[in-house]
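Engineer:
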Amino acid sequence: MSRDAMGVMAMSDSDDSWESDTGEDVEGGEKTKCLLSDNIMPSSAAALEHDRTHFGFDLEKYTAQVRMDEYEVIKCINYIRASVKAGRDPRSELAGAVSTPEKPWQDDKYLIPVLPDDAMLYHAFSSDAGGLPTSSSRPVEAAAAPSQGATELQRLREELQSLKHQNAELRGALQEACLSTLQPDAAQYVQDSMGSAVASLAVADGSSAPQEPTAQPLHIRPSAGQLTRPRTEKDAKADEAYFDSYGYFDIHRTMLGDEVRTEAYQRALEQNPSLLKGAKLLDVGCGTGILSMFAARGGASQVAAVEGSQRMAKAAESIVAENRLGSSQGGPITVLSGRIEDLQTLPMQQVDIIVSEWMGYGLFFECMLDSVLHARDRFLRPGGAVLPDLAAIHVAGAGCGALDLDFWTDVRGFSFRPVQRQLLEDGLKTAHVAPVHAKDIVTEPCQLRSFDLTSMTPQEADFTADFTLQASSAAQSGAIHAVVLWFDAECSARFCKEQSVLLTTSPHAPQTHWHQTILQLRQPVAWQHSAASGAGAQEPDQGPGRAVLRGRISCARSSQHRCLDISLECAGLDEQGQAAGAQTQLYSIGMS
Numbered sequence: 001m002s003r004d005a006m007g008v009m010a011m012s013d014s015d016d017s018w019e020s021d022t023g024e025d026v027e028g029g030e031k032t033k034c035l036l037s038d039n040i041m042p043s044s045a046a047a048l049e050h051d052r053t054h055f056g057f058d059l060e061k062y063t064a065q066v067r068m069d070e071y072e073v074i075k076c077i078n079y080i081r082a083s084v085k086a087g088r089d090p091r092s093e094l095a096g097a098v099s100t101p102e103k104p105w106q107d108d109k110y111l112i113p114v115l116p117d118d119a120m121l122y123h124a125f126s127s128d129a130g131g132l133p134t135s136s137s138r139p140v141e142a143a144a145a146p147s148q149g150a151t152e153l154q155r156l157r158e159e160l161q162s163l164k165h166q167n168a169e170l171r172g173a174l175q176e177a178c179l180s181t182l183q184p185d186a187a188q189y190v191q192d193s194m195g196s197a198v199a200s201l202a203v204a205d206g207s208s209a210p211q212e213p214t215a216q217p218l219h220i221r222p223s224a225g226q227l228t229r230p231r232t233e234k235d236a237k238a239d240e241a242y243f244d245s246y247g248y249f250d251i252h253r254t255m256l257g258d259e260v261r262t263e264a265y266q267r268a269l270e271q272n273p274s275l276l277k278g279a280k281l282l283d284v285g286c287g288t289g290i291l292s293m294f295a296a297r298g299g300a301s302q303v304a305a306v307e308g309s310q311r312m313a314k315a316a317e318s319i320v321a322e323n324r325l326g327s328s329q330g331g332p333i334t335v336l337s338g339r340i341e342d343l344q345t346l347p348m349q350q351v352d353i354i355v356s357e358w359m360g361y362g363l364f365f366e367c368m369l370d371s372v373l374h375a376r377d378r379f380l381r382p383g384g385a386v387l388p389d390l391a392a393i394h395v396a397g398a399g400c401g402a403l404d405l406d407f408w409t410d411v412r413g414f415s416f417r418p419v420q421r422q423l424l425e426d427g428l429k430t431a432h433v434a435p436v437h438a439k440d441i442v443t444e445p446c447q448l449r450s451f452d453l454t455s456m457t458p459q460e461a462d463f464t465a466d467f468t469l470q471a472s473s474a475a476q477s478g479a480i481h482a483v484v485l486w487f488d489a490e491c492s493a494r495f496c497k498e499q500s501v502l503l504t505t506s507p508h509a510p511q512t513h514w515h516q517t518i519l520q521l522r523q524p525v526a527w528q529h530s531a532a533s534g535a536g537a538q539e540p541d542q543g544p545g546r547a548v549l550r551g552r553i554s555c556a557r558s559s560q561h562r563c564l565d566i567s568l569e570c571a572g573l574d575e576q577g578q579a580a581g582a583q584t585q586l587y588s589i590g591m592s
């Protein structure tokens with residue numbers, strides 16, 4: 001790309017400096033920050049190559065594929081810079097923009113450089129494959145029409161200044177509007193975290209916004225409409241407590257002793273040689289190192305085992321060494337202590353496989369999936385495997401037996417009904433995690449939502465989904481006292497070609513340490529079939545009965561770090577399918 005085309009980006013207040021810029025012939029030899037990482041490369045070409053090899057994103061090909069002109073390339077680069085600066089991975093939106101007329105960079109605000117003196121903006125992109133127009137094809141080039149080019153240049157400079165001023169006003173107005181809806185202490189927090197530009201806003205008296213805001217933009221979480229704040233000291237302390245809870249062996253004894261869980265991972269990692277043989281693997285949240293050792297035994301050539309608990313990382317290192325699998329002994333495993341988000345490098349630049357046992361109660365409790373997706377976007381080679389690669393949440397209706405309250409009716413001849421009442425009250429606020437027996441499930445299961453771990457974003461873990469539950473096939477009447485959630489995690493044949501593995505936490509399967517998540521209803525939903533006989537009677541082998549409950553479940557990260565909020569809206573259905581007795585409840589799953 002020529003410096004002439006980049007004039008609006010390189011200009012200063014001095015016309016002389018503008019002229020000196022346009023006279024340069026830059027061949028991409030200036031130090032350049034990569035688009036998708038913080039790495040500084042010796043040239044823009046080297047930075048593009050780094051993005052191509054480490055992140056699978058080829059901007060050269062992309063500009064040709066989308067058929068961008070020079071100004072679109074400028075805006076696209078600044079859009080990518082702005083997204084990465086805000087902590088977002090823009091690759092999925094860029095991929096979606098190929099086939100749609102609406103482009104995420106079309107706003108003229110992206111004419112303004114995100115980085116000062118960004119050498120990437122001067123890179124000479126190829127015009128092959130119908131991409132960038134050549135300089136001879138542009139009517140505003142000075143060589144073709146000097147006076148017209150100068151006029152166009154002046155117009156663009158004036159337009160840019162106007163856009164900068166409008167941008168400052170809009171950002172200031174947005175900041176004031178957002179801050180004015182917060183409590184004073186929350187507003188103060190946002191002001192402090194966003195620096196002096198936002199601190200100058202007087203929320204109470206509505207004073208004007210700064211002319212040149214330099215603070216980071218406000219991030220609004222679309223799924224919940226709440227302010228997504230940066231990681232705070234409080235979050236860091238919560239993480240410290242979270243990782244400390246995994247620093248003791250009792251919880252690892254429980255997980256290792258969960259045969260369904262441990263055997264599923266063992267089969268996936270040891271019985272798929274076409275995937276594991278010679279592979280480089282990253283184990284996120286390795287705990288005692290069991291999955292890393294399965295991978296080593298399955299043929300992995302190099303394994304990075306990352307553990308957030310410093311105490312457990314030391315234990316894992318000792319266990320790996322005990323089994324002669326540590327890198328210091330010539331083995332494939334290197335144990336690293338720390339949050340995956342905080343690690344600067346791994347023993348390898350890229351990995352072929354990421355494995356993690358990230359699932360929590362209700363699938364997403366503990367929010368560990370965010371770390372796995374961060375690792376995927378940073379370290380996984382294009383086309384690499386994530387194990388498990390698929391997950392799904394299921395729901396079903398359960399009878400009163402799932403609440404397990406009968407014990408308190410009579411304890412050695414004494415009534416403990418006050419305890420029973422307290423548990424019923426608590427169950428309307430907190431999702432209860434406990435084993436549910438298959439005999440207590442009174443409806444057919446329904447898949448609520450499925451997820452592809454190779455492509456999903458962290459935001460997709462916050463979701464809303466509708467469901468309809470049908471009565472179990474043989475049941476003629478019943479009552480639903482709770483909606484029960486469980487999940488499946490699958491290492492599918494997409495990657496595990498010799499031995500695919502399904503890990504299910506269904507109440508119809510052997511129990512796991514995840515059990516099931518119980519959402520107690522405020523009012524039981526009773527149903528009954530009309531009396532039927534002869535040819536009209538429903539036989540057990542005729543499949544599920546009629547729909548008896550319809551509802552909607554929303555799951556979102558809680559304001560309490562690593563916790564979940566779940567809302568349930570539902571209503572019973574009569575035999576004509578009409579809803580009655582609607583009820584809504586909000587539940588939390590929190591750290592103990």
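Numbering (UniProt numbering), first residue to last: 1 to 592. Positions of the beta carbon are idealized from the N, C-alpha and C atoms, including for glycine.
(1) Taking all protein chains shown into account, do 16 or more other C-beta atoms lie within 10 angstroms of the C-beta of L428, making it buried, or fewer, making it exposed?
(2) Determine whether the beta carbon atoms of V351 and K280 lie at a separation below 7 angstroms.
(3) What's the C-alpha gap between T53 and A582?
(4) Is the segment 360-377 in contact with the segment 333-340, if contact means three or more CB pairs nearer than 8 angstroms?
(5) Is T214 helix, strand or coil by DSSP?
(6) With DSSP as the reference, label E490 as helix, strand or coil.
(7) Between G401 and D440, is the Cβ-Cβ spacing less than 7 angstroms?
(8) Give me the DSSP bridge partner(s) of I290.
(9) On a Cα-Cα basis, can you pick out the residue from V260, P347, G257 that is closest to D283?
(10) Tell me, please, whether the segment 75-83 touches the segment 103-117 by the rule of three or more beta-carbon pairs shorter than 8 angstroms.
(11) Helix, strand or coil for S137, going by three-state DSSP, please let me know.
(12) If we ignore side chains and look at the alpha-carbon of each, how far apart do V66 and C34 end up?
(13) Just confirm the distance between the C-beta atoms of R261 and E357, as a whole number of angstroms; I'd bet it's less than 8 angstroms.
(14) Does the Cβ-Cβ distance between F249 and Q266 come in under 7 angstroms?
(15) Do you know offhand how far A580's Cα is from L549's?
(16) Expressed to the nearest angstrom, what Euclidean distance is found between the alpha-carbon atoms of P388 and R297?
(17) Quick test of the definition: if touching needs 3 or more C-beta pairs under 8 angstroms, does the segment 407-425 touch the segment 442-457?
(18) Would you report the Cα separation of A471 and Q447, rounded to the nearest angstrom?
(19) Given a cut-off of 7 angstroms on the beta-carbon distance, is the pair H513 and T254 in contact?
(20) Quick one, are the C-beta atoms of T505 and W527 less than 7 angstroms apart?
(21) If you follow the alpha helix (DSSP H) that G87 is in, where does it begin and where does it stop?
(22) CB-CB under 8 angstroms to P222, same chain, minus the five flanking residues each way: which ones, in chain order?
(23) On a CA-only basis, which of A375, F463, G330 is nearest A392? Give me that one, please.
(24) Over the uninterrupted alpha helix (DSSP H) stretch that includes L269, give me the two end residues.
(25) If contacts are defined as beta-carbon pairs under 8 angstroms, then L453 and A482 qualify, I think. What distance do you get, rounded to the angstrom?
(26) Tell me whether the beta-carbon of M120 lies closer than 7 angstroms to the beta-carbon of T32.
(27) When DSSP labels each residue in this structure, what does S208 get in the three-state scheme?
(28) Within a Cβ cutoff of 7 angstroms, which residues of the same chain sit near Y361, ignoring the five residues on either side of it in sequence?
(29) Starting from S41, follow its DSSP beta bridges and name the residues at the other end.
(30) Work out the CA separation of S455 and Q499 for me, nearest whole Å.
(31) Ignoring anything shorter than 3 residues, give me the beta strand (DSSP E) runs that lie fully in the segment 408-489, in order along the chain.
(32) When DSSP labels each residue in this structure, what does R81 get in the three-state scheme?
(33) Helix, strand or coil, according to DSSP, for K314 in the structure here?
(34) Who pairs with L390 in a beta bridge, going by DSSP?
(35) What span of residues does the alpha helix (DSSP H) with K61 cover, start to end?
Structural biologist: So, to answer that:
(1) Taking the first residue of the sequence shown as 1, we reach residue 428 at position 428. Result: exposed.
(2) Position 351 of the sequence shown, counted from the first residue, corresponds to residue 351. Position 280 of the sequence shown, counted from the first residue, corresponds to residue 280. One thing to note: V351 has its Cβ within 7 angstroms of the Cβ of K280.
(3) Taking the sequence shown and counting its residues from 1, one reaches residue 53 at position 53. Taking the sequence shown and counting its residues from 1, one reaches residue 582 at position 582. Distance between the alpha carbons of T53 and A582 is about 54 angstroms.
(4) Touching, per the Cβ criterion.
(5) Position 214 of the sequence shown, counted from the first residue, corresponds to residue 214. Per-residue confidence for T214 stands at a pLDDT of 37, beneath the threshold of 50, marking its modelled position as unreliable; the derived number appears in the next sentence. Three-state result, T214: coil.
(6) By one-based count along the sequence shown, residue 490 stands at place 490. Correct three-state label for E490: strand.
(7) By 1-based counting over the sequence shown, the position of residue 401 is 401. By 1-based counting over the sequence shown, the position of residue 440 is 440. Contact: yes.
(8) Numbered from 1 along the sequence shown, position 290 holds the residue referred to as residue 290. Beta-bridge annotation (DSSP): I290 is not paired with any residue.
(9) Residue numbering aside, residue 283 sits at position 283 when the sequence shown is read from its first letter. Among V260, P347, G257, the Cα nearest to that of D283 belongs to P347.
(10) Segments in contact, yes.
(11) Within the sequence shown, the letter at position 137 stands for residue 137. Only weak support is given to the placement of S137: the predicted model assigns it a pLDDT of 38, under 50, and the value that follows is read from those uncertain coordinates. Helix.
(12) Working through the sequence shown from its first residue, we reach residue 66 at position 66. Working through the sequence shown from its first residue, we reach residue 34 at position 34. The straight-line gap from Cα to Cα measures roughly 21 angstroms.
(13) Position 261 of the sequence shown, counted from the first residue, corresponds to residue 261. Position 357 of the sequence shown, counted from the first residue, corresponds to residue 357. That belief holds up - the Cβ atoms of R261 and E357 are roughly 7 angstroms apart, short of 8 angstroms.
(14) For the purposes of this step, residue 249 is taken as the residue at position 249 of the sequence shown. For the purposes of this step, residue 266 is taken as the residue at position 266 of the sequence shown. No, Cβ-Cβ distance for F249 and Q266 is not below 7 angstroms.
(15) On the sequence shown, position 580 is the one that residue 580 refers to. On the sequence shown, position 549 is the one that residue 549 refers to. Taking the CA atoms as reference points, A580 sits about 10 angstroms from L549.
(16) Numbered from its first residue, the sequence shown carries residue 388 at position 388. Numbered from its first residue, the sequence shown carries residue 297 at position 297. Taking the straight line from one Cα to the other gives about 18 angstroms.
(17) No, the segment 407-425 is not in contact with the segment 442-457.
(18) Along the sequence shown, read from residue 1 onward, the residue named residue 471 stands at position 471. Along the sequence shown, read from residue 1 onward, the residue named residue 447 stands at position 447. In this structure, the alpha-carbon of A471 lies about 15 angstroms from that of Q447.
(19) The residue labelled residue 513 in the question sits at position 513 within the sequence shown. The residue labelled residue 254 in the question sits at position 254 within the sequence shown. The answer is yes: Cβ separation under 7 angstroms.
(20) Position 505 of the sequence shown, counted from the first residue, corresponds to residue 505. Position 527 of the sequence shown, counted from the first residue, corresponds to residue 527. Contact flag unset, no.
(21) Start at 1 with the first residue of the sequence shown, and residue 87 comes out as number 87. From DSSP, G87 is part of no alpha helix (DSSP H); its letter is neither H nor E.
(22) Walking along the sequence shown from the start, residue 222 turns up at place 222. The pLDDT assigned to P222 is 34, lower than 50, so where the model puts this residue is not dependable, and the model offers no usable value.
(23) Here the question's residue 392 lines up with position 392 in the sequence shown. Comparing Cα positions, the closest option is F463.
(24) Sequence index remark: in the sequence shown, residue 269 carries index 269 (1-based). Run containing L269: 259-270, per the alpha helix (DSSP H) assignment.
(25) Counted from its first residue, the sequence shown places residue 453 at position 453. Counted from its first residue, the sequence shown places residue 482 at position 482. Actually they are not in contact, since the Cβ atoms of L453 and A482 sit about 29 angstroms apart, beyond 8 angstroms.
(26) Looking up residue 120 in the sequence shown gives position 120. Looking up residue 32 in the sequence shown gives position 32. The beta carbons of M120 and T32 sit closer together than 7 angstroms.
(27) Along the sequence shown, read from residue 1 onward, the residue named residue 208 stands at position 208. Here S208 scores only 38 on pLDDT, less than 50, and its place in the model is too uncertain to base an answer on.
(28) Numbered from 1 along the sequence shown, position 361 holds the residue referred to as residue 361. Correct list, in chain order: V433, W514, T517, I589.
(29) Position 41 of the sequence shown, counted from the first residue, corresponds to residue 41. Here the sequence assigns Met to residue 41, which means Ser is not the residue at that position. Under the DSSP definition of a beta bridge, M41 partners with T32.
(30) The residue given as residue 499 occupies position 499 in the sequence shown. The residue given as residue 455 occupies position 455 in the sequence shown. Whole-angstrom Cα-Cα distance: 22 angstroms.
(31) Entirely contained in the segment 408-489, the beta strand (DSSP E) runs reaching 3 residues are, in chain order, 432-434, 446-452, 463-470.
(32) Your numbering for residue 81 matches position 81 in the sequence shown. In the structure shown, R81 adopts helical secondary structure according to DSSP, grouped into three states.
(33) As a first step, residue 314 is located in the sequence shown; it is residue number 314 there, counting from the start. Helix.
(34) Numbered from its first residue, the sequence shown carries residue 390 at position 390. According to DSSP, which records beta bridges pairwise, L390 is partnered with D452, E490.
(35) In the sequence shown, the residue the question calls residue 61 occupies position 61. In the DSSP annotation of this structure, the continuous segment of the alpha helix (DSSP H) that includes K61 starts and ends at 59-66.
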